[in-house]
Structure formats: C-alpha cells, structure tokens
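The sequence shown begins at 9 in this note's numbering and counts up one residue at a time.
From the three backbone atoms N, C-alpha and C, an ideal C-beta is built for every residue, glycine too.
Bear in mind the structure is a predicted one, so any value in this text is a computation, not a measurement.
So the structure is just underneath, and the comments pick up after that.
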Amino acid sequence: RDLPIGIIATLIVCTVLYVAVAIVLTGLVPWQSLLDDAAPVVNSLKKLTVATGSPTLHWVRLGVLFGAMMGMISSLLVFQLGQARVWFAMSRDGLLPRLFGRVHPRFRTPSTATWIAGFVVGVPAGILDIGTLADLSNIGTLFAFVLVSIGVIILRYRDPDRRRGFRAPGGIAAPLLSVLFCLLLMSGLPILTWLRFFGWLAIGLGIYSFYSRRHSEFAKAKA
C-alpha cells in the first residue's frame, strides 16, 4: 500500500515543483528564449546575475548547476546498476545467456552484466547527439509503460483471483488512459526515432524467438 502512495505523491510533488520553476523562468526571461536552451535554469539565472550584479544570485546559479550535475550522475548510476540487475534476473530465468548472470567472486555483484551495460550505453553516448539519445530513451520508456498498462488490463480479466499486493484504482480506466497518453506522446517523436525503435524492437524479438523461448525457466515449469 505504501509503494503506490509514495509513487503518486512523488509525481505530484515533482509536477508542482516543475510547474513552479517554469513559472519563475518565464518571469525572468522571454519564454521563446527557453525553447532551444540546453540549460534554461542556469542560463536564465546567469542573465539575471549579469543584469543585477548580485553576488548572491551568482552562488545560487552555481548551486543549481551543482545540483543538476549531481542529479544526472545519480540517475545515471541508478539506471546503469538497475539495468545490469535486470539482465542478471533475465539470465537467471533463462531469457538471456548465462554470461549475464555471472557474479563477481569477491563483490558478489553481476560484474559481467555491469561491464556490458556500460559498453552498450557508453559507446552510443560518445557517438550520437543528446537529442537522438533523448528521443530513443523517451520512446523506449513510453513503450514500456504501454506494455505494463496493457498487462494490467489483461491480468485483470485473465487472472482476476490472483493474490495481489495492491490494487490499481479506477478499474480499466486508469491503464487505458495511460496507454492513450503514452501513445499520444510517442506520436510526437520524429519518424527517424520510430525507425530506430522498430530496429531495436526487431533485435529484441529476434533474441526472444531464437533463444529466450527455448531456455525460459518459466516455460519449462509450465510444460
């Protein structure tokens, strides 16, 4: 019960803070100047510092810059460590080769999966521009949300008596709205992003078809 409350409360607080920051920014500089700015908060504070000559605003700007850097680093670490453990769990279930499930003898962590995740993320990050990477990340995340929402609907009808830790409110309305809004956001992404997405999706489906289905522990248990 606490987990969904925490997730929803976090989303509400973050939304309010983001809207408040956007309102403040549009009061500092014209909103048109924020459209193509990679760091709108820091640059807006910089313009205000130059205009007023306030040393306090200078330190505020440096604090915002430092906070943004720490936020990006922590997010990167969370996703990198999380991805390695997702692959570790998939390998344990037979969906990926056993290579991804190797555990370091000293640190007891999925070291091989961590190295592979770092390589898979690091190489594209050094070659592609940030806009392309952001679009690919967005479409992949939104598609994952779509699949989860569809899964909620399917399980509600296919396995209604399953014991669950919590219930999704709103019946099927909430997951349907989730699917609708995610698809709406995905529709605004460039065509090239969709082509790249379908390319990666084809690779994933190929791995599942030719390897995962044959080695899945879940499929073996059902058989």
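Approximately 5 Å separates the beta-carbon atoms of Ser52 and Leu36; this is inside 8 Å, confirming the contact. Note on Ala47: under 16 other CB atoms within 10 angstroms of its CB, so exposed under the neighbour-count rule.
DSSP places Asp10 inside the alpha helix (DSSP H), whose first and last residues are Asp10 to Leu36.
With respect to the 8 Å criterion, Ala92 and Thr122 are classified as neighbours on the basis of their beta carbons. Segment contact: the segment 132-145 against the segment 157-174, fewer than three CB-CB distances shorter than 8 Å; contact not assigned. The continuous alpha helix (DSSP H) containing Asp143 extends over residues Ile138 to Arg166. The beta-carbon distance between Ser220 and Leu107, rounded to whole angstroms, is 14 Å. This is too long to meet the 8 Å contact definition.
Distance between Val160 and Ser99, taken at the CA atoms: about 24 Å. Taking all protein chains in view, the Cβ of Phe205 is crowded by 16 or more other Cβ atoms within 10 Å, so the residue is classified as buried. Ala46 carries a coil assignment under DSSP once its states are collapsed to helix, strand and coil. Here His112 carries a coil assignment [DSSP, helix/strand/coil]. At the C-beta level, Val50 and Leu73 come within 8 Å of one another. The residue among Thr201, Arg222, Ile124 and Ser195 with its C-alpha nearest the C-alpha of Ser145 is Thr201. Of the residues assessed, Trp67 falls on the exposed side of the cut-off, its CB having fewer than 16 other CB atoms within 10 angstroms. Around the beta carbon of Thr120, 16 or more other beta carbons lie within 10 angstroms, which makes this residue buried.
Taking C-alpha positions only, Thr34 is separated from Gln40 by approximately 9 Å. Per DSSP, the unbroken alpha helix (DSSP H) holding Gln91 starts and ends at Pro63 to Arg100. Burial is judged here by how many other beta carbons sit within 10 angstroms of a residue's own beta carbon; Leu150 has at least 16 and is buried.
With contact defined as three or more Cβ pairs closer than 8 Å, the segment 179-193 and the segment 161-170 are in contact. One Cα belongs to Val187, the other to Val58, and the distance between them is close to 46 Å.
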